[in-house]
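Under the numbering used here, think of the first position of the sequence shown as 1, with each following residue one higher. The beta carbon of each residue, even a glycine, is placed where N, CA and C say it ideally should be.
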Amino acid sequence: MANTQRTLPLAATVLTAVLALYIALVAFGNITDFGTNQQFVRHVLAMDTTFKDDDLMWRAITNEGVQDAAYVAIIVWETVSALVLIYATWLWIRRDHAAARRMTTYGTLMLMLLFGAGFIGIGGEWFSMWQSADWNGLDAATRIFLISGVVLIVAQLTPGEADASRRP
């Protein structure tokens with residue numbers, strides 16, 4: 001048991017730090033190279049590279065102002081998620097396991113909402129992103145969703161300070 005109490009927090013620290021670094025770099029890239037993924041969001045929302053099914057095309061958003069607002073909201077969400085995970089990493093390093101677990105939970109759930117509900121659910125299904133050969137981000141979104149889930153599970157397995165003190 002004692003080994004688990006040391007190795008699980010270490011695993012949670014490393015995994016949280018890796019996810020924090022990754023999403024911070026994603027947000028930084030989207031800020032410094034705004035136009036690349038701006039085009040991605042515009043094409044997905046416009047549904048201009050899907051099968052053009054009349055039963056679905058009414059869902060398309062072609063207003064560039066709305067498209068850009070959605071993209072800025074994504075970048076803000078990514079940035080806040082990165083900051084939460086960076087703070088969680090710092091808490092893991094300080095060995096404040098209960099607070100670190102809570103912040104890791106918040107950060108990973110934020111990413112799971114963005115990439116699961118936002119990209120996989122709304123982008124993939126509502127805007128039929130899966131139909132596009134050119135603007136399909138489902139693989140990347142699924143990857144981030146699953147990695148976030150693994151980090152969340154490891155953080156939840158990590159005993160908090162109160163939990164650790166009750167164990168023999």
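For the alpha helix (DSSP H) that contains Leu114, what are its first and last residues?
Against the sequence shown, residue 114 aligns to sequence position 114. That residue, Leu114, is in no alpha helix (DSSP H); it is neither H nor E in DSSP.
Residues in the same chain with beta-carbon distance under 8 Å from Leu56, minus the five sequence neighbours each way, listed in chain order, please.
Sequence index remark: in the sequence shown, residue 56 carries index 56 (1-based). So the list reads Met47, Thr50, Ser128, once near-sequence residues are dropped.
Applying the criterion that 16 or more other CB atoms from any shown protein chain within 10 Å of the CB defines a buried residue, is Thr104 buried or exposed?
Mapped onto the sequence shown, residue 104 falls at position 104. Label assigned to Thr104: buried.
Nearest to Ala70 by alpha carbon, out of Val14, Arg42, Ile86?
In the sequence shown, residue 70 corresponds to position 70, counting from 1. The candidate whose alpha carbon is nearest that of Ala70 is Arg42.
Count Cβ pairs between the segment 117-135 and the segment 93-107 that sit closer than 8 Å; are there 3 or more?
no
Between the segment 132-148 and the segment 59-76, are three or more C-beta pairs nearer than 8 Å?
Touching, no.
Under the assumption that Ala17 contacts Thr89 (Cβ atoms under 8 Å), give the Cβ distance between them as a whole number of angstroms.
One-based indexing of the sequence shown puts residue 17 at position 17. One-based indexing of the sequence shown puts residue 89 at position 89. That pair is a contact at about 4 Å.
Going straight from the alpha carbon of Ala164 to that of Arg101, what length do you get?
Counting from 1 along the sequence shown, the entry for residue 164 is found at position 164. Counting from 1 along the sequence shown, the entry for residue 101 is found at position 101. Reliability of the predicted coordinates at Ala164 is poor, the pLDDT of 48 falling under 50, and no value is obtained from them.
Report the residue ranges of all alpha helix (DSSP H) runs contained in full by the segment 137-163; include only those spanning at least 4 residues, in chain order.
138-157
Roughly how many angstroms separate the alpha carbons of Glu64 and Ala155, rounded to a whole number?
Stepping through the sequence shown from its first residue, residue 64 is reached at position 64. Stepping through the sequence shown from its first residue, residue 155 is reached at position 155. For Glu64 and Ala155, the distance between alpha carbons rounds to 40 Å.
Taking just the CA atoms, how far does Val14 sit from Leu157?
Position 157 of the sequence shown, counted from the start, is the residue given in the question as residue 157. Position 14 of the sequence shown, counted from the start, is the residue given in the question as residue 14. Approximately 14 Å between the Cα atoms of the pair.
Given a cut-off of 8 Å, decide if Ala24 and Ala73 are closer than it, judged by their beta-carbon atoms.
Along the sequence shown, read from residue 1 onward, the residue named residue 73 stands at position 73. Along the sequence shown, read from residue 1 onward, the residue named residue 24 stands at position 24. No; because the gap between Cβ atoms is not below 8 Å, this pair is not in contact.
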